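The opening residue of the sequence shown carries number 179 in our numbering; numbering runs sequentially from there.
Glycine included, every Cβ here is placed at the ideal spot set by N, Cα and C.
Keep in mind that this is a model prediction, so the values were computed, not measured.
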Amino acid sequence: MKQRWHHLSLRERYFLIGGVFCLLTFLSYSLVWQPLQKKILLAQKKLEQHRQLLHQIHLAKPALKEWLNRRHQNAILPDESLSNIVHQSAAQAGMEIIKMQEEEKALRVWIAEVSFKKLVSWLFDLQYRHGIQTAYLDLVETGIPGIVEVQRLEFIRDIK
């Protein structure tokens with residue numbers, strides 16, 4: 179290799195060095211610089227989308243809080259018993275209550291197998307329509323995707 183290099187004329191050596199330099203420049207640009215620039219642009223685009231979403235959330239936050247407070251205040255019926263509200267709302271949601279146990283300020287409930295989405299929707303409804311807070315929740319997988327068994331669920335009344 180050295181012999182070949184020494185047999186080349188000065189002009190050929192400079193030409194080869196320039197070619198290698200051009201090749202290395204092209205490879206570093208196409209394999210390093212360009213992919214990095216694409217990733218940076220993509221990250222900046224995602225950041226801008228998240229900023230816009232955050233801005234929209236901040237704009238909607240006061241209206242959502244006001245709506246939830248109005249709904250919460252209008253729906254709470256303090257005279258109605260906790261067990262009655264839970265039983266009626268579970269029936270409306272199509273859920274089967276296995277057992278209910280009333281305590282001084284809480285209500286324990288055991289529910290048969292139910293869709294996780296339906297359960298979360300029901301708990302949300304209890305909290306924001308009736309002012310009933312979930313104090314404790316113990317779920318067990320059933321082996322069926324999306325279906326859980328509620329072994330223990332404890333509610334307390336949110337009275338303000």
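Other residues of its chain near residue i: CB distance less than 8 Å, five sequence neighbours each side excluded
i, result
"GLU291", "THR320, ILE322, ILE325, VAL326 and GLU327"
"GLU332", "ALA284, LEU285, ARG286, VAL287, THR312, ALA313, TYR314 and LEU315"
"ALA271", "LYS296, SER299, TRP300 and ASP303"
Test item: CB-CB of residue i and residue j under 8 Å
i, j, result
"LYS169", "TRP288", "Residue 169 cannot be examined here, being either before or after the span of the chain that is shown, 179 to 338."
"ILE275", "ILE310", "no"
"LEU246", "TYR207", "no"
"ARG335", "LEU260", "yes"
Continuous alpha helix (DSSP H) stretch holding residue i: start and end
i, result
"VAL198", "188-206"
"ILE263", "260-271"
"GLU183", "The amino acid at residue 183 is misidentified as Glu; the sequence shows Trp. Here the alpha helix (DSSP H) through TRP183 covers 180-185."
Residue(s) in a DSSP beta bridge with residue i
i, result
"MET278", "VAL287"
"VAL292", "VAL326"
Residue i: first and last residue of the uninterrupted beta strand (DSSP E) it sits in
i, result
"ILE310", "310-319"
"VAL328", "325-335"
Distance cut-off 7 Å: residue i Cβ against heavy atoms of the ligand FAD
i, result
"ILE275", "This structure lacks the ligand FAD, and indeed carries no ligand of any kind."
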